[in-house]
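254 is the number that this note's numbering gives to position 99 of the sequence shown; each next residue is one higher, with no gaps.
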Amino acid sequence: MSDPRAATAEAIRELAAWAAGTTASAIPREVLARGVRVIADDLAAIIGARAEPEVAAFHERVLGRSRVAEATLFRGGRSRTDRVSAAVANAMAADWLELDEGYRLVPCHAGLYVLPALLAEAESKNLAFGEMLRSLVLGYEIVTRVARAWKPRGLTMQSHGRYGAVGAA
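#1: Taking the alpha-carbon of residue 171 as reference, which of 305, 308, 295 has the nearest alpha-carbon?
#2: Could you say if the segment 202–220 and the segment 235–242 meet the contact criterion of at least three C-beta pairs nearer than 8 Å?
#3: Given that a residue counts as buried once 16 or more other Cβ atoms are within 10 Å of its Cβ, and exposed if not, what is residue 297?
#4: Would you mind reading off the limits of the alpha helix (DSSP H) that contains residue 290?
#5: Using 8 Å as the threshold, is the C-beta distance between residue 292 and residue 318 below it?
#6: Who are the near neighbours of residue 251 in its chain, counting only those whose CB is closer than 7 Å to its CB and skipping five residues on each side?
#7: Leaving aside the five residues before and after residue 287 along the sequence, list all residues of the same chain whose C-beta is less than 7 Å from its C-beta, in chain order.
#8: Just the C-alpha distance for residue 221 and residue 240, rounded to the nearest angstrom, thanks.
#9: Between which residues of its own chain and residue 305 is the CB-CB distance below 7 Å, once the five residues before and five after are set aside?
#10: Go ahead and label residue 167 buried or exposed: buried means 16 or more other beta carbons lie within 10 angstroms of its beta carbon, across all protein chains shown.
#11: From which residue to which residue does the alpha helix (DSSP H) around residue 214 run?
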């Protein structure tokens, strides 16, 4: 009998190698177009929640602790903070109104898990939009493959807790 952990580790290595080696030109145009819609949808969800009292208070707290201006906090204006804090605060806002997109084959919000961290990292490293879009599409694919492969015993953990770290990575 084979070791399931070793098989899982190998599958993850293969998936990561596939993603690292996939160029934007290898991704179908309709998939890239869907990626643009995911960006628009989730950015709208982030911006839509910025005036919610709890979101605004969290944004203020994040900005009060900020020491580096690496990435935008989507709260109006050009507020910037460190990229980790921007990713966390923007992810919170993206999910706050429950208007973010979702992957319907399994309970999963892949764009929510990928986009906030990707936006912060892309901005801090000055990535071109094409590279960011490629990364979003591949990150989305990785999250949804993991979500389809993982068969939890029941809904004992919300999907954000199961897949958020995978998407942010």
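Yeah, the Cβ is synthetic: ideal placement off N, Cα and C, and Gly gets one too. Just so you know, these numbers come straight off a predicted model, no measurement behind them.
For this structure:
#1: 295
#2: yes
#3: buried
#4: 284–304
#5: no
#6: 204, 207, 210
#7: 273, 277
#8: 8 Å
#9: 317
#10: exposed
#11: 208–220
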